[in-house]
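Right, one structure below, let's go through it.
In structure tokens form, the structure reads like this:
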């Protein structure tokens, strides 16, 4: 993962699920999938909202949880660091929040969070106390150093969250799933690795308390593709480095009016629809659990742009707004508009 980037922004992006590795892909178990059906987001009986994400999506998941902790009840974060780690600074993002040649300045990040909660820019930090959080870091992940993810754990613990830390696997920089196409230690597109484990079972049990076995047969719900422009704060998703199309998987039980949870699933860099199609949507091993546990899964989509060449989520301020990690942040508010429409 050592190379020369033309700009610091490109360098940050290249450290986050971006540089194709040399480890070979492996034969993957093929999940049952659903063909997306064009439509609009409906409104359902949502009992609780949770977030999960990997790499830049992991950073965005933490931003969502901290900013809206009165709504979001728990998080699962793969391969990322603490909230506001980049501090609106590309060099800090590159050297302190991906590499560890700079510190994360963890105590400053915790102080910012408390100050902003006092201003009402994020929800009261007391809301984080007791919330379930699952954190995953693989020992072959060189894109995000383990010490950075260690500080994510310390960040949450400082506010009283109940953290489960999985740091014992040999995974590379990826979302780990039984349906991964990459070898466990690889860092290679589409950044979905099979380590012979089921972290989704583990983190859903952490978030929900218990979980039923996944549906390994044909899926019974509906995968809807929807227009993200409808929810973009500026009415133009591309201007926010977000794709035109997002996805939501809705189990038949939720469509029938039963109470359901909502999980926001956030892909990493070079892992969105415009880069790898529906690979993350199909292989994240979330729709399978959604079917048997009454969970709606929302898959917002980032995309590449001039300021974001690798389709990352905005966790270092590439959109030019310093408000990116707080309420009203352009991408945060756009995702929350989707959450609100779904009933969360």
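Numbering (our numbering), first residue to last: 475 to 818. Cβ atoms here follow ideal geometry from the backbone N, Cα and C, with glycine treated the same way.
Got a sec, what are the start and stop residues for the alpha helix (DSSP H) residue i sits in?
i: residue 631; result: 620-632
i: residue 809; result: 804-816
i: residue 610; result: That residue, residue 610, is in no alpha helix (DSSP H); its beta strand (DSSP E) goes 606-610.
i: residue 681; result: 673-682
i: residue 761; result: 761-767
i: residue 540; result: 530-541
i: residue 747; result: 747-750
i: residue 755; result: 753-757
For residue i, tell me which candidate among the options has the shortest Cα-Cα distance.
i: residue 725; options: 719, 734, 718 and 603; result: 734
i: residue 649; options: 712, 564, 634 and 756; result: 756
i: residue 798; options: 730, 683 and 562; result: 562
i: residue 589; options: 815, 806, 800 and 809; result: 800
i: residue 743; options: 785, 609 and 796; result: 785
i: residue 810; options: 523, 750, 611 and 591; result: 523
i: residue 779; options: 557, 646, 748 and 647; result: 748
i: residue 674; options: 663, 554, 625 and 686; result: 686
i: residue 601; options: 585, 571 and 544; result: 544
i: residue 765; options: 732, 791 and 788; result: 732
i: residue 719; options: 812, 796 and 729; result: 812
i: residue 740; options: 611, 642, 754 and 703; result: 754
i: residue 621; options: 573, 660, 630 and 644; result: 573
i: residue 774; options: 768, 704, 793 and 729; result: 704
i: residue 519; options: 768, 802, 804 and 781; result: 768
i: residue 504; options: 587, 595, 593 and 654; result: 654
i: residue 678; options: 560, 781 and 770; result: 770
i: residue 521; options: 793, 584, 751 and 728; result: 728
i: residue 628; options: 608, 646 and 613; result: 608
i: residue 647; options: 814, 745, 636 and 750; result: 745
i: residue 632; options: 603, 645, 619 and 615; result: 603
i: residue 708; options: 535, 803, 652 and 737; result: 803
i: residue 808; options: 781, 750 and 738; result: 738
i: residue 814; options: 736, 587, 624 and 792; result: 736
i: residue 502; options: 658, 702, 683 and 624; result: 658
i: residue 626; options: 554, 652, 560 and 567; result: 554
i: residue 701; options: 776, 613 and 526; result: 776
i: residue 613; options: 796, 527, 638 and 644; result: 644
i: residue 660; options: 639, 638 and 616; result: 616
i: residue 750; options: 717, 781 and 634; result: 717
i: residue 630; options: 794, 706 and 556; result: 556
Ends of the beta strand (DSSP E) at residue i?
i: residue 734; result: 734-740
i: residue 722; result: 719-724
i: residue 515; result: That residue, residue 515, is in no beta strand (DSSP E); it is neither H nor E in DSSP.
i: residue 468; result: Outside the shown range of the chain, which is 475 to 818, sits residue 468, and nothing can be said about it.
i: residue 638; result: 636-640
i: residue 418; result: Within the shown structure, residues of the chain are numbered from 475 to 818, placing residue 418 beyond reach of any answer.
Closer than 7 Å: is that where the CB of residue i sits relative to any heavy atom of the ligand FMN?
i: residue 678; result: Looking at this structure, you won't find the ligand FMN or any other ligand, since it has none at all.
My understanding is that residue i touches residue j, with C-beta atoms under 8 Å, so please give their C-beta distance in whole angstroms.
i: residue 606; j: residue 680; result: 5 Å
i: residue 772; j: residue 806; result: The pair is not a contact, with the Cβ atoms about 14 Å apart (cut-off 8 Å).
i: residue 565; j: residue 789; result: Not a contact, Cβ separation roughly 14 Å.
i: residue 611; j: residue 641; result: 5 Å
i: residue 787; j: residue 533; result: 7 Å
i: residue 722; j: residue 752; result: Actually they are not in contact, since the Cβ atoms of residue 722 and residue 752 sit about 12 Å apart, beyond 8 Å.
Establish whether the CB of residue i and some CB of chain B are separated by less than 8 Å.
i: residue 727; result: Given the protein chain composition of this structure (a single chain), no chain B is represented.
Below 8 Å, can you find three or more Cβ-Cβ pairs linking the segment 544-554 to the segment 758-768?
no
Taking 8 Å as the cut-off, does the segment 577-584 touch the segment 505-525 (at least 3 CB pairs, one atom from each stretch)?
no
Start-end ranges of the alpha helix (DSSP H) lying completely within the segment 546-600, minimum 4 residues
Contiguous alpha helix (DSSP H) elements confined to the segment 546-600 occur at 564-570 and 580-593, taking only those with 4 or more residues.
Evaluate contact between the segment 510-519 and the segment 653-670, counting only Cβ atoms and requiring at least three cross-stretch pairs below 8 Å.
no
Contact between the segment 680-695 and the segment 713-720 (3+ Cβ pairs under 8 Å)
no
Evaluate the contact criterion for the segment 647-665 versus the segment 536-543: three or more CB pairs, one atom per stretch, below 8 Å.
no
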